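> Just dropping this structure here.
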Amino acid sequence: MLANSSVTQDDMKGWMSAMEAREINLWDQLIDKFMRKFFPNQENVRRRIDRMNFEQQDKTLFKAWGRYNRLIKACPRNSISECILMEVFSDGLNREM
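Numbers 39 to 135, taken from the numbering used here, label the letters of the sequence shown in order.
Okay, structure coming up:
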């Protein structure tokens, strides 16, 4: 199962099996159809906002890091550099703990 998603491998296999032969000729077409089916734009926008507004809250650093990684994995259209992702994580840490 994909992180933070209700989509299962069986869902994806069923979707692939239901496609017509020769419906998709290029990998880019497959990726585009897959993303539109299982990761609609509105959901991706919400996930990106969650990721970019990360806050540690009252969790330990270890738990916060795990939660942040799940937020990153939950948004597969990830075009943000690792440097920016680390900066967002660092900025979201609770300095008073």
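All C-beta atoms in this analysis are idealised placements derived from N, C-alpha and C, irrespective of residue type, glycine included. Remember, it's a predicted structure, so these values are computed and weren't measured experimentally.
Do VAL126 and PHE92 count as a contact pair if the criterion is CB distance below 8 Å?
Within the sequence shown, the letter at position 54 stands for residue 92. Within the sequence shown, the letter at position 88 stands for residue 126. Yes; because the gap between Cβ atoms is below 8 Å, this pair is in contact.
> With the cut-off set at 8 Å, would you say GLN94 and LEU131 are in Cβ contact?
Numbered from its first residue, the sequence shown carries residue 94 at position 56. Numbered from its first residue, the sequence shown carries residue 131 at position 93. In this structure, LEU131 lies closer than 8 Å to GLN94 by Cβ.
> Assuming ASP49 is part of the alpha helix (DSSP H), what are its boundary residues?
What you label residue 49 is simply residue 11 of the sequence shown in a count that begins at 1. Boundaries of the alpha helix (DSSP H) around ASP49: 47 to 56.
> With respect to the alpha helix (DSSP H) encompassing ILE122, which residues constitute its N-terminal and C-terminal limits?
Your numbering for residue 122 matches position 84 in the sequence shown. First-last of the alpha helix (DSSP H) with ILE122: 120 to 129.
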